[in-house]
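Working notes, beginning with the structure itself.
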Amino acid sequence: QTWFCSSTLTSNADDTLSDVTGMKFFVDASQTWVFEAHLQISTAATPDIKVAFTVPAAAATTGNYLYHATTAMASARVADWTASTSMVTAAAGTGADLYGRLVNSTTAGWVQLQAAQATSDASDTHVYVGSWITARRVA
């Protein structure tokens, strides 16, 4: 299934993670899911962007990302998507692709994407309507 960002998230002088509206999916107990999210963003080089996922209690999630900037790209493995992951380059950001696997424990619940400025800055950081996340159960 695919879910879409339904309201642009704007972060200004704020590095506190906030939910990206519409970018969530529900997992039942003891299920394994894979996901990919494609974010349409704009951010200056100074604030950049950070993301994380909230997940059900005791769920484990790993993955990687590819960060698109105007003159550079960055990528990295993510050992834990519930920890704040900063995507930073020396250039303005234009998009990000997030990939992951979630192994859920015995508590069903929502998997919710969050985002914010990586460094609090007076310029705007946006996650735009049209961003999306696809997830499917694999076990």
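The opening position of the sequence shown corresponds to residue -16 in our numbering, with each subsequent residue numbered one higher.
Ideal Cβ placement from N, Cα and C applies to all residues, glycine included.
Would you give the residue range spanned by the beta strand (DSSP E) that T15 belongs to?
Segment T15 to T26, the beta strand (DSSP E) holding T15.
Point to revise | Residue range of the beta strand (DSSP E) that includes N87 | key: Run containing N87: none; DSSP gives neither H nor E here.
Enumerate in chain order the residues of its own chain whose CB-to-CB distance from Q95 is below 6 Å, with the five nearest sequence positions on each side excluded.
Cβ within range, chain order: D2, K7 and T37.
Checklist line | A75 versus I32, A12, H21 and T15, residue with shortest Cα-Cα distance | finding: Measuring from the Cα of A75, the nearest candidate turns out to be I32.
- Query: In the DSSP assignment, what residue or residues form a beta bridge with V121?
  - Reply: The partner list for V121 (beta bridge, DSSP) is empty, contrary to what the question assumes.
- Message: For the structure I just gave you, are there three or more beta carbon pairs, one from the stretch 109 to 117 and one from the stretch 83 to 90, closer than 8 Å?
- Response: No: the two stretches stay apart, fewer than three of their Cβ pairs being nearer than 8 Å.
Compare the C-alpha of L49 against each of G5, V110, S58 and Q14 and name the closest.
Nearest neighbour of L49 by Cα position, chosen from G5, V110, S58 and Q14, turns out to be S58.
(request) Using a threshold of 9 Å, state whether the C-beta atoms of T29 and D107 are closer than that. (result) No, Cβ-Cβ distance for T29 and D107 is not below 9 Å.
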